[in-house]
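First up is the structure itself, then whatever we jot down about it.
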Amino acid sequence: MKKQMTINQHYVPQHYMKLWAEMSGKVWLHDLAHNIKGKVGTKSVLSDEYFYEDDKNKPTNEIEDILGEIENKAAPVLKAIAELKPDELLKNEMDIHKEICQRAALVLAKAGALEKLLKFISAQLIRTPNIVQQMAKIIKEAPLSGEEREIFTMQNEPSQLVRLGLERIPRHLQSSYEVVLGFSSGTPFVTSDHPVSEFFTSTAEVLPQPVYNLLHETQIMVFFPISPTFHCTLIHRDNKQRLGTPYHSRELSSNSLNGLPISWMWIDEALIHVFRGMHSRFGRKYLISNRDEAALLNN
């Protein structure tokens, strides 16, 4: 039997968190529940006793292996995008953002890279304690029969949620969604113990949605910070035409993109503030950044 790894499982991958690391290799971790902050190594954070096993007493590491394969394939793609630097010869901010997003798109246009990114995003959406707790609350409050409630509760076990999610979500994102890249040269994007946010675009207030709605609604947008400087927004192709400012997607040069649905968007400080605020709300317990975020949390 394989060694049980799940006791020290990082439910947000270390290689992803390290994209926010300073030269020392440490990230700024903000404990939202206890209002504690400090620089820490990624080995010491987001590593609860969170099991992906069907039977905790007889672990197989099946889910660990599935998630590990996704992480290992996505890591060089994320790193390649995160390391891109603005063209110093360009002076216009709009040109700077478009040009660097074009280069990020070229990274994703390499063989299999976009698929690796979308699988990684899918995994982060369904693998964290946050989504299990969110779904448990929805199941509890939903008008279900006893049998239905039992089935949904079983499917909400971490191992089942990962299996079911990875069967359907990556394929759906690839077939129905456009990848919209964004860049920030100033205020950094942040991440958290639940890196992916999914929201319904047609309500007056932006509210988080159950992950299953992603498979059935065209008006769900998905937000994922790639690094302190890059952001990825996923917009359903049937919904993109009705979205204006601030979610208006702009075309990139199609040369070398191999027909892939990748575009870019202008992200100003107001929208950066919205994206950053997502990671201090909606049941999240920890915010991760490359700097002290006291000002963000105070607001």
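For the sequence shown, the working numbering gives the first residue as 32, with consecutive numbering after it. C-beta: ideal position from N, C-alpha, C; glycine also.
Margin query: DSSP three-state label for residue 295, please.
Written below: strand
Notebook entry, point to check: Whole-angstrom Cβ separation of residue 201 and residue 153, contact assumed at under 8 angstroms?
Noted result: 5 angstroms
Margin query: Between residue 318 and residue 311, how many whole angstroms is the CB-CB distance? I'm expecting something under 8 angstroms.
Written below: 5 angstroms
Check: Considering only the beta carbon of each residue, do residue 258 and residue 50 sit closer than 8 angstroms?
Finding: yes
Next item on the list: Decide if residue 262 is buried, meaning its Cβ has at least 16 other Cβ atoms within 10 Å, or exposed.
Entry: buried
Next item on the list: Check whether the stretch 214–232 touches the stretch 173–187, counting contact only when three or more Cβ pairs, one atom from each stretch, lie closer than 8 angstroms.
Entry: no
Notebook entry, point to check: residue 102 lies in the alpha helix (DSSP H); which residues open and close that run?
Noted result: 93–113
Next item on the list: Could you check if residue 168 is buried or exposed, using at least 16 other CB atoms within 10 Å of its CB as the buried criterion?
Entry: exposed
Notebook entry, point to check: Tell me the DSSP bridge mates of residue 62?
Noted result: 67, 317
Checklist line | residue 306 - DSSP class collapsed to helix/strand/coil | finding: helix
Check: If we call anything under 8 angstroms between Cβ atoms a contact, is residue 324 one with residue 61?
Finding: yes
Checklist line | Reference residue 249, options 255, 203, 280, 282, closest by Cα | finding: 203
Checklist line | Per-residue DSSP class, three states only, for residue 283 | finding: coil
Item checked: Spatially closest choice to residue 126 from 266, 296, 321, by CA coordinates -> 296
Notebook entry, point to check: Looking at C-alpha atoms only, which residue of 110, 146, 58 is the closest neighbour of residue 320?
Noted result: 58
Item checked: Continuous alpha helix (DSSP H) stretch holding residue 177: start and end -> 177–186
Check: Over what stretch of residues does the alpha helix (DSSP H) that includes residue 262 continue unbroken?
Finding: Residue 262 -> not in any alpha helix (DSSP H); beta strand (DSSP E) instead, spanning 261–267.
Next item on the list: With residue 256 as the anchor, note down where its beta strand (DSSP E) starts and where it stops.
Entry: 251–256
Item checked: DSSP-derived helix/strand/coil call for residue 236 -> At residue 236 the pLDDT is 46, less than 50, meaning the model places this residue with poor confidence and gives no usable figure here.
Item checked: Nearest to residue 287 (by Cα), restricted to the options 140, 245, 269 -> 140
Check: For residue 307 versus residue 328, is the C-beta distance shorter than 8 angstroms?
Finding: no
Item checked: Expected contact under 8 angstroms - CB spacing of residue 255 and residue 211 to nearest Å -> Not confirmed; about 11 angstroms, so no contact.
Check: For the alpha helix (DSSP H) that contains residue 163, what are its first and last residues?
Finding: 160–172
Notebook entry, point to check: So, is residue 150 buried or exposed, given that buried needs 16 or more other C-beta atoms within 10 angstroms?
Noted result: buried
Check: Sorted by chain position, which residues of the same chain lie with C-beta nearer than 6 angstroms to residue 264's C-beta, five sequence neighbours on each side aside?
Finding: 211, 254
Notebook entry, point to check: Apart from the five residues on each side of it in sequence, which residues of its chain come closer than 6 angstroms, Cβ to Cβ, to residue 155?
Noted result: 226, 227
Note to self: Taking 8 angstroms as the limit between beta carbons, can you name the residues of its chain near residue 281, skipping five residues before and five after?
What the structure shows: 129, 294, 295, 296, 297
Note to self: Tell me which residues share the same chain as residue 170 and place their Cβ nearer than 7 angstroms to its Cβ, disregarding the 5 neighbours each side in the sequence.
What the structure shows: 180, 183, 184, 187
Notebook entry, point to check: Mind checking residue 305: buried by the 16 CB within 10 Å criterion, or exposed?
Noted result: exposed
Check: Roughly how many angstroms lie between the CA atoms of residue 67 and residue 269, to the nearest whole one?
Finding: 43 angstroms
Note to self: Rounding to the nearest angstrom, what Cα-Cα distance links residue 65 and residue 316 in this structure?
What the structure shows: 9 angstroms
Check: Which one of 132, 46, 97 has the shortest CA to CA distance from residue 73?
Finding: 46
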